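Those protein sequences? They're chains A and B, same order as listed. Quick note: the first sequence, position 3, residue 3 per our numbering, numbers continuous. Quick note: the second sequence, position 182, residue 530 per our numbering, numbers continuous.
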Amino acid sequence: MSKNSIIAILSLFAFLGLAMFYPSSTTPIKTTYPSYWPKPTYDFSKNPLTQEGIDLGRKLFYDPILSSDSSISCSNCHLSFTAFTHVDHALSHGVNDSIGTRNSPSLMNLAWHTSFMWDGAVNHLDVQGLAPISHPAEMNEDINNVIKKLQRNSYPSLFFKAFGDSNITGEHLLKAISQFELTLISCNSKYDSVMQKQTVFNSQEANGYKLFKQNCASCHTEPFFTNHQFENNGLFIDTLLNDYGRYNITKNPNDSLKFKVPTLRNIEFSFPYMHDGRFKNLSEVLKHYTKNINHSTTLSNHLKNPITLTSNEKVDLTTFLLTLTDKNFLFNKNNSFPNELFHPTEKD
Amino acid sequence: MKHSVFSLLMLFNCTVLMSQNNAKEVLVTIEPLLNKHILILEKESSDFKTITNLKFYLTNFSFSKNGATIWTEKDSHHLIDASNPSSLTIKLNSDNLDFDEIHFLLGTDSLTNVSGVMGGDLDPTKGMYWAWNSGYINFKLEGKSKGTAFEFHLGGYSPPTVQTINLATNKNNITINIDVADFLNTIDLSKQAKLMSPGKEAQHLSKIASSLFYINE
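Okay, structure coming up:
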């Protein structure tokens, strides 16, 4: 009898030991988006969102520990208040004051994106983080070294909470960052309210929307204001950067000078514009599309016919573009620097 | 009460043990060679070749008999690393040992390349993933030949570089040789000693790499 009890107790311990390898209780988070949006392309079943995973990803996003000299975090080039782009900087910055070759893109509605980076070099959100971490002009760090640093820091317990494993892996590190990024959904602009019949455009905005649908929507397709394709939008090449975009990845001459069509959501705050940030404001952008198109062989079919807009029409179009500003998104406290995650004891 | 808990646990343990006993096993040993001699990293061969790094993925293992597949390994991804002896042995828990051919891929299939981040042997920390042009490196060979340093990172899924390898065998203990000298002897290193991006050249060299595998029975 006593022998039996001992065996039973030992077996129970064995079970408890096994149970420790599985995630403790996590809090599942459901992704919500407007009913008229299509289903996300991201496969959430392979990386189910949990509050613990999102919190961990958010902390990693804001932690310069990811860079070689602990000076640069993701948020250096992706600021929450400007739709997660580097406002007022044409080209993104990295460690040792190095300057990259591209304008950091805004981050939102990423679960619907089919490729990442201006040239589509990255094929999945989960592996996107590897690119800036390893780039010498960005974080200039090796992912194995990032993990070593995280393992010595306060992170193992956070990884255990999120993934049931305190031993940090590349998979869990990247999945956590994805989880935070997947929560960055912008769907509460005036445009969205109009689509949901909660409000109406004023006459200027309505005329701008009409002009937008006639001249811009074939590339900047609703509801994401991008068709997620690569297009040559008629920019003359910057002879210092010599950036041929998609061609650098595919080596297909038909892809020369093509870049991923960026979203126009929150465009009011995501200046400067274009892959190299050459235009400071929307009036320069409209001037480009109406006056300065470079008719090279790979020019987008949608730009072969000239776009003509009167100065009043330009104002109306700009007024419409401002209805894509989503203040709920830009000033959402869940997206900004998580003071409570870095300094859990200090209450503000 | 204690008795019933105990019996339940014992029943569980017995089931686990029995299922383990039923599993059959095929042992595959990968034997990297250099000029028909066992490859020793950093050691120069008689014809002045030194290998410093040899890593490759073998995936999607299956067995067939008379051309019909009889067993396929699930989640079959194995990173072979010449510097890590334990990676050179693969246990295949096939429930059917009556086969006359073994099949596998050199590299990872295109689905694996577009499915986001994965763990285990596919974790990007293994140094076999391209950060700036998404996709796995299927085959990595680095070293020196007669003073010329070479670096071949073959991979990419568009165009596909993954190769199918079929070898005849009916043994439960299979040794698969791969002689990297045959790869280096096929290539003119004075013209090409480096490749680190996907494309047609990666496709061409991947075909050569897949021809290196053989069974000596």
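Even for Gly, the Cβ is constructed at its ideal location relative to N, Cα and C. Predicted, not measured: the structure shown is a model, and the values here were computed from it.
Inter-residue spacing [alpha-carbon to alpha-carbon] between threonine 325(A) and proline 40(A)
Looking at the two C-alpha atoms, the distance is approximately 22 Å.
Of all the alpha helix (DSSP H) runs that stay within the bounds of the region 174 to 231 of chain A, which reach a length of 4 or more residues?
The qualifying runs are 190 to 195 and 203 to 215.
Could you check what DSSP says for asparagine 432(B) in three-state terms: helix, strand or coil?
Coil.
Got a sec? Which residues, its chain only, sit under 7 Å from leucine 18(A) by beta carbon, not counting five neighbours each side?
With a pLDDT of only 44 at leucine 18(A), under the threshold of 50, the placement of this residue in the model should not be trusted; the figure read from the coordinates follows. Close CB contacts of leucine 18(A) within its chain, under the 7 Å cut and outside five residues either way in sequence, are absent.
Start and end of the beta strand (DSSP E) containing serine 154(A)?
Counting along the chain, serine 154(A) falls outside any beta strand (DSSP E), and DSSP gives it neither H nor E.
Output the residue ranges of the alpha helix (DSSP H) runs that lie fully inside the region 263 to 342 of chain A and measure 4 residues or longer, sorted by chain position.
Runs of the alpha helix (DSSP H) inside the region 263 to 342 of chain A: 282 to 291, 311 to 322, 327 to 330 and 339 to 342.
Excluding the 5 residues preceding and the 5 following aspartate 395(B) in the sequence, name in chain order all residues of the same chain whose CB lies nearer than 7 Å to its CB.
Hits under 7 Å: Asn383.
With 9 Å as the limit, tell me which residues of the region 66 to 97 of chain A have their beta carbon closer than that to any beta carbon of chain B; keep them in chain order.
So nothing in the stretch comes that close.
Return the first residue and the last residue of the alpha helix (DSSP H) that isoleucine 349(A) is part of.
The question about residue 349(A) has no answer here: the residues shown for chain A are numbered 1 through 348.
Given 8 Å, three or more beta-carbon pairs between the region 182 to 198 of chain A and the region 159 to 169 of chain A
No, the region 182 to 198 of chain A is not in contact with the region 159 to 169 of chain A.
To the nearest angstrom, report how far apart asparagine 140(A) and arginine 58(A) are at their CA atoms.
Those two C-alpha atoms are separated by around 21 Å.
Does any CB atom of chain A fall closer than 9 Å to the CB of glycine 503(B)?
No, its Cβ sits nowhere closer than 9 Å to a Cβ of chain A.
On the DSSP letters alone, give me the boundaries of the alpha helix (DSSP H) that tyrosine 247(A) sits inside.
Under the DSSP assignment, tyrosine 247(A) falls in the alpha helix (DSSP H) whose first and last residues are 247 to 250.
When the cut-off is 9 Å and only beta carbons count, does tyrosine 22(A) lie next to chain B?
Caution is warranted here: a pLDDT of 48 is assigned to tyrosine 22(A), below 50, making its placement in the model unreliable, and the coordinate value is therefore given only provisionally. The beta carbon of tyrosine 22(A) does not come within 9 Å of any beta carbon belonging to chain B, so the residue lies off that interface.
Is the Cβ of isoleucine 99(A) closer than 9 Å to any Cβ of chain B?
Answer no: the Cβ-Cβ gap between isoleucine 99(A) and chain B never drops below 9 Å.
Sufficient close CB pairs (3 or more, under 8 Å) joining the region 101 to 121 of chain A to the region 221 to 231 of chain A:
Contact between the region 101 to 121 of chain A and the region 221 to 231 of chain A is present, because at least three Cβ pairs lie under 8 Å.
N-terminal and C-terminal residue of the beta strand (DSSP E) that isoleucine 168(A) is part of:
Counting along the chain, isoleucine 168(A) falls outside any beta strand (DSSP E), and DSSP gives it neither H nor E.
At a Cβ cut of 9 Å, what residues of the region 368 to 392 of chain B count as close to chain A, listed as they run along the chain?
Of all residues in the region 368 to 392 of chain B, none places a beta-carbon less than 9 Å from a beta-carbon of chain A.
With burial defined as no fewer than 16 other Cβ atoms inside 10 Å of the residue's Cβ, what is the status of serine 270(A): buried or exposed?
It counts as buried.
Are at least three pairs of beta-carbons, each pair with one atom in the region 499 to 509 of chain B and one in the region 456 to 470 of chain B, less than 8 Å apart?
By the Cβ test, the region 499 to 509 of chain B is in contact with the region 456 to 470 of chain B, since at least three Cβ pairs between them sit closer than 8 Å.
Check threonine 512(B) in the structure and name its three-state DSSP category.
Strand.
With a 10 Å radius around its C-beta and 16 neighbouring C-beta atoms as the bar for buried, classify glycine 491(B) as buried or exposed.
So glycine 491(B) counts as buried.
In the DSSP assignment, what are the bridge partners of glutamate 490(B)?
Partner(s): Asn401(B) and Glu499(B).
Once the 5 residues before and after glutamate 390(B) are set aside, which same chain residues still bring their CB inside 7 Å of it?
The answer, listed in chain order, is Thr398 and Thr400.
Under DSSP, the alpha helix (DSSP H) around lysine 555(B) begins and ends at which residues?
In the DSSP assignment, lysine 555(B) falls within the alpha helix (DSSP H) that extends over 548 to 558.
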